[in-house]
Every structure is written in C-alpha cells, then in structure tokens.
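Numbering (numbering that gives the first Met the number 0) for the sequence shown: 0 to 354.
Glycine included, every Cβ here is placed at the ideal spot set by N, Cα and C.
What you are looking at is a predicted structure, and each value in this text was computed from that prediction instead of being measured.
Before any comments, here is the structure.
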Amino acid sequence: MPVLTHGGDIYSAREKGLEHILDFSANINPLGLPRQVQLAAERSVRDCVHYPDPLCRALAEKIARHEQVKQEWIICGNGAADVLFRLVYALRPRRALLLSPTFSEYEQALRAVGCRAASWLLKEADGFRLTEDVLQRLDPALDMLILCNPNNPTGVLIDPLLLQKVLKACAEKHIFLVVDECFNDFLQKPACHTVKPWLVENTGLFILKAFTKFYGMAGLRLGYGLCSCQPLLEAIRQAGQPWSVSVPAQAAGAAAMTPELEEYRERTKRLILQERLYLAEALRRVGLRVFDGQANYLFFKAEGLEGLEVQLEQQGILIRSCGNYRGLTKEFYRVAVRTHEENVQLTAALQKILK
0 MPVLTHGGDI
10 YSAREKGLEH
20 ILDFSANINP
30 LGLPRQVQLA
40 AERSVRDCVH
50 YPDPLCRALA
60 EKIARHEQVK
70 QEWIICGNGA
80 ADVLFRLVYA
90 LRPRRALLLS
100 PTFSEYEQAL
110 RAVGCRAASW
120 LLKEADGFRL
130 TEDVLQRLDP
140 ALDMLILCNP
150 NNPTGVLIDP
160 LLLQKVLKAC
170 AEKHIFLVVD
180 ECFNDFLQKP
190 ACHTVKPWLV
200 ENTGLFILKA
210 FTKFYGMAGL
220 RLGYGLCSCQ
230 PLLEAIRQAG
240 QPWSVSVPAQ
250 AAGAAAMTPE
260 LEEYRERTKR
270 LILQERLYLA
280 EALRRVGLRV
290 FDGQANYLFF
300 KAEGLEGLEV
310 QLEQQGILIR
320 SCGNYRGLTK
330 EFYRVAVRTH
340 EENVQLTAAL
350 QKILK
C-alpha cells in the first residue's frame, strides 16, 4: 500500500475502526465551509452536464477583485499543488533551492522534471527562522527558489525586510522566485507579509494561493497562482489538461471571493488568534516546546518522545508527525488550531499521555 505523507488522512483512520475522529493533522479553518459557498457548489450541480470553463473566467474575475490584481495575472488549478506542478513543468528548472523543513510537494514537483533540488536547512537554534545567511546562497546558477510564508510546518514568517532583500537578489540574478502564500489569509496583517506589490515590476515572481485551508474546501480542490508574465501563464495552461477545475469548484470559489464573506473572514482571524494563544500556552504547560508560528497551526517538539501521534490516534485524535520532513526528527509535531472545545479535548488527551 502507498505511504501517505500528508495530514488529513481520515480514511486510513477509519480503516483502523476509528469512527469519531478529531482531526488536528490538517490545517483547515475550524469554522468549516461557509454556507454561502456550500450552496453555490450545490446549485452548480445542474450545470455539470456541461464542461467547465477551462479559463475559469467568472472565478478569475472574482479573484482579481478580491486580490486587487489584474485578471490576466491569474491562473486557476485543481488545488495549489496542481498549479505548482504545472508551473514546474512549464519552466523545467535545472537547479532549485528549497528551505528545510517545508512542504514536501515542492521537492516532488521539481524532481518530477529532473531538477536538482538543494535544501537550505533552517536551524532549530534560530527558531526555524530564515536568516540573512540565505542571501549568500543565491547565485546565478540557480533557476528557482521556492519559499513558503508563513512556512509549513513551522508557521514561522519571513522577516519582511529580509524578504525584500531576497526579492531583489533573485531579480538581479535571474532566479525565478515562487512564494507560497496559502496561509497568508490567516495572518492578522496579511498585507504586511505578501509579495503582491512586486508583481507589477517583476515577471520572475509567482505567488501560490489556495481556497483549501481558509475556506474549508480541501475536498473540492481549488487553488490559483498570481504572476505578471503572460507567456509563462500560457505555458502553464498548456502544461496540463484543459478542464482541471470542476464546475462545482469554480462556483464555490467565486462565492468565496465575495464581499458578503468578509464577516466570515474576520471571524476566522479572531478565532485563530485567540485559540492559537490558548493552545500554545496549553501545550507549553504539559512540557512541550512550542515554536513561534503565526498561522492556523502550531509546531512543537516533544523532547525524547516519539510516537505521540500513535498514542493520540488511539484516543481518536489525529495530529501530524513531522518526522518525514527533511531536517526534522520524530520528536517534532504539528497541530491545527481548532475550536476551543476541540482544543480542550486535545489538551486533555495530551495531559493523560504526558502525566
């Protein structure tokens, strides 16, 4: 049987006989799919007799208004991972640099086209923060640099001033820069940490976004990319089959991008801030080392304790073991920030194990 390397695998848990599952392994908005979005997807079923729009025009128009970018800068796909793989297939970089630890699909996509992907190891002593030392590693021999901000699994943000230096260095050395901002919307001040303002003058910059996490749409599969290079966007479209985004996914995405959901967005950010602070303190009280993340999940180390995910699974709780991330050991874990009641359940289960 294939080895599954991501969180959110409730299906394997069900095969083990777990009926009531509390999933902290996937970083999904605890408020769930907005009712307006669900209704839009349901109503669209009657249109499923037709092929979906391969250009996702109605959806791209809504994204453009929400993101305040030009519509022609947007490309949609079957999740952010689909957009990433298409981008890599279109560019076919020979040498790339990744941070470690980070989302494993970056390396998977690069290796699929024969790219040599080197890793820049983020140090535990630095709190897994990116430091200015990385600037020395940016040489013209690199074709691509991929950053995740905030990073997954650590939740740590890149200092905005350092990010500007990286942008400048990549532009000067003709290194194509990909910035994954899939968790940016969960931040209290997302505008302070996005690289969108640089799209206007930098055609060598690509931003990855997704509906998966913030709008609770993991099962619908919908992501998009922002880039000001039109020839590249056309090459990305040609790098995969034309109907990658289904009719329900397009309808749901368009509904999610409306001003009517602003209250949902603000409620989400308030909940995440409040519960992240609560959960971080609760994890520290039971002896876990929690790192300073700013996203909708927490990254922690259980000194000398491996297999914590197995013990919690026996209580019907799924968390993400980070032992398969490059640069980490099995002592590292990631948990989503969920509702207060659910966070209390997780804390109680941990207290039982760690007492």
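Between the C-alpha atoms of residue i and residue j, what's the straight-line distance to the nearest angstrom?
i    : j    : result
E308 : V336 : 16 Å
F213 : E265 : 11 Å
V82  : E305 : 35 Å
I318 : R275 : 15 Å
F331 : K172 : 35 Å
P241 : L98  : 32 Å
A250 : V44  : 10 Å
K354 : G322 : 23 Å
R85  : F290 : 33 Å
R42  : F210 : 19 Å
S320 : D22  : 13 Å
V112 : V155 : 29 Å
P159 : T130 : 12 Å
I74  : V177 : 14 Å
I271 : L297 : 11 Å
P189 : Q350 : 34 Å
D46  : S245 : 10 Å
R288 : E302 : 8 Å
R93  : L232 : 19 Å
R236 : A63  : 18 Å
V199 : A234 : 19 Å
P258 : P139 : 43 Å
Q107 : A168 : 25 Å
E280 : L327 : 23 Å
T346 : L260 : 31 Å
What do you get for residue i, buried or exposed, if any count of 16 or more other CB atoms within 10 angstroms of its CB means buried?
i    : result
G286 : exposed
P149 : buried
W72  : buried
Q293 : buried
K61  : buried
R333 : buried
A124 : exposed
E66  : buried
H51  : In the sequence as presented, His is not what sits at residue 51; that position holds Pro. It is buried - the Cβ of P51 has at least 16 other Cβ atoms within 10 Å.
T267 : buried
V48  : exposed
Q313 : exposed
H192 : buried
Check whether the Cβ atoms of residue i and residue j sit closer than 8 Å, and answer yes or no.
i    : j    : result
M256 : L32  : no
S227 : T202 : yes
I145 : Y88  : no
L161 : V194 : no
A117 : A253 : no
L221 : A238 : no
G315 : I20  : yes
L311 : F299 : no
F102 : C55  : no
F175 : L109 : no
Residue i bridges to which residues according to DSSP?
i    : result
S103 : Answer is none; S103 lacks a bridge partner.
F358 : The structure shown does not extend to residue 358, since the chain spans only 0 to 354, so no value can be given for it.
V289 : F299
D179 : C147 and L207
S320 : Y332
I73  : L225
S24  : None; S24 has no bridge partner.
L311 : DSSP lists no partner for L311.
W356 : No answer is possible for residue 356: the residues shown for the chain start at 0 and end at 354.
Since residue i and residue j should fall inside the 8 Å C-beta cutoff, what is the C-beta to C-beta distance between them, to a whole number of angstroms?
i    : j    : result
V68  : L204 : Rounded, the Cβ-Cβ distance is 12 Å, inconsistent with contact.
L121 : F127 : 4 Å
R325 : P100 : 6 Å
Y263 : L30  : 7 Å
L141 : A95  : 7 Å
Q70  : A59  : 5 Å
L207 : D184 : Not confirmed; about 13 Å, so no contact.
N295 : F182 : 7 Å
Check whether chain C comes within 8 Å of residue i, counting only Cβ atoms and requiring the distance to be less than that.
i   : result
F23 : Here there is only one protein chain, and chain C is not present.
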